[in-house]
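Engineer: Okay, so the sequence shown: first residue is 562 according to our numbering, each after it adds one. Just so you know, even glycine gets a beta-carbon here, dropped at the ideal spot from N, CA and C. Sharing a structure with you now.
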Amino acid sequence: MTSYLFTPPAVQSLPIRGKTERFPINRIFCVGRNYHAHAVEMGRPVDKSVEQAFYFTKSPQTLVESGATVDYPPRTNNYHFEMELVLAIGKEGFRVSEANAHELVYGYAAGLDMTRRDLQLVARDKGRPWDTGKDIEQGSVCSEIVPMPGVVIENGAIALEVNGVTKQSSNVDKLIWNIREIIADLSTYYHLQPGDLIYTGTPEGVGAVVTGDKITGRVEGVAEIALNIGAAQ
Ligand code: MN
Numbered sequence: 562m563t564s565y566l567f568t569p570p571a572v573q574s575l576p577i578r579g580k581t582e583r584f585p586i587n588r589i590f591c592v593g594r595n596y597h598a599h600a601v602e603m604g605r606p607v608d609k610s611v612e613q614a615f616y617f618t619k620s621p622q623t624l625v626e627s628g629a630t631v632d633y634p635p636r637t638n639n640y641h642f643e644m645e646l647v648l649a650i651g652k653e654g655f656r657v658s659e660a661n662a663h664e665l666v667y668g669y670a671a672g673l674d675m676t677r678r679d680l681q682l683v684a685r686d687k688g689r690p691w692d693t694g695k696d697i698e699q700g701s702v703c704s705e706i707v708p709m710p711g712v713v714i715e716n717g718a719i720a721l722e723v724n725g726v727t728k729q730s731s732n733v734d735k736l737i738w739n740i741r742e743i744i745a746d747l748s749t750y751y752h753l754q755p756g757d758l759i760y761t762g763t764p765e766g767v768g769a770v771v772t773g774d775k776i777t778g779r780v781e782g783v784a785e786i787a788l789n790i791g792a793a794q
């Protein structure tokens, strides 16, 4: 048995609807700018005919479950919500065709890709990595995983409220790169593995939260999500 100098960090995991086993998390991938109206509000419209999808990652250690109260994070004055459909990978795949992409789907969840928007935009405009803007402790929020093996979600309302006021309201049929295209394309960069999560991008209406705010959201036919913003440390 391997002996470690100190206790290794725990495997991150999420509950699975209808099961006692939990879904162990391998990696967290995120799709950038995947709804036209959000790309426009970020000042970077997307022309799919000449652009490729792009991705960034967040550490599994940033994951928190829906319903949590999280600290308002340090080094930001503009902490944003991004409501997203999350895809949970259940089978390994490399260079998967769009036609076979559904075989990798274990299920889906509702997620929040929390973002230090001030730091992200400085990094973007200086051509620097986004890590401090995106890879935030307690900044990857996810609902339970809903088993839907082999299912390709093509539509469904996606919405988010802050303190009961609607901020984001769209439909996942507006994804620029859809579920099949994301799996096929991402699998040309990575050997996708069971336990990988893919946050598929956020619609328009992103905005800031402050201490005391309560975020609620949902993806129709999948799951609901909630997050409470606590005080800064
Ligand atoms: Mn996002």
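1) Shorter than 8 Å, the distance from the beta carbon of D774 to the closest heavy atom of the ligand MN, or not?
2) Between which two residues does the beta strand (DSSP E) containing V683 stretch?
3) Span of the alpha helix (DSSP H) holding G694?
4) Output the distance between the C-alpha atoms of G711 and A614, rounded to the nearest integer angstrom.
5) Among all the DSSP beta bridges, which residues are the ones paired with Q729?
6) When you compare only the Cα positions, how much space is there between V770 and T623?
7) Does any heavy atom of the ligand MN sit closer than 8 Å to the C-beta of D696?
8) Is the Cβ-Cβ distance between G762 and A671 less than 9 Å?
9) Report yes or no: do the region 671-682 and the region 694-704 share at least 3 C-beta pairs separated by less than 8 Å?
Structural biologist: On the basis of the supplied data:
1) For D774, the shortest separation between its Cβ and any heavy atom of the ligand MN does not lie below 8 Å.
2) First-last for V683: R678 to K687, but that is the alpha helix (DSSP H), not the beta strand (DSSP E).
3) G694 -> alpha helix (DSSP H) spans D692 to K695.
4) When the Cα atoms are used, G711 and A614 turn out to be separated by approximately 23 Å.
5) Q729 pairs with L721.
6) Rounded to whole angstroms, V770 to T623 spans 18 Å at the Cα level.
7) With a cutoff of 8 Å, D696 does not count as near the ligand MN, since its C-beta is closer than that to no heavy atom of the ligand.
8) No, they are not a contact pair.
9) Output reads yes: the region 694-704 touches the region 671-682.
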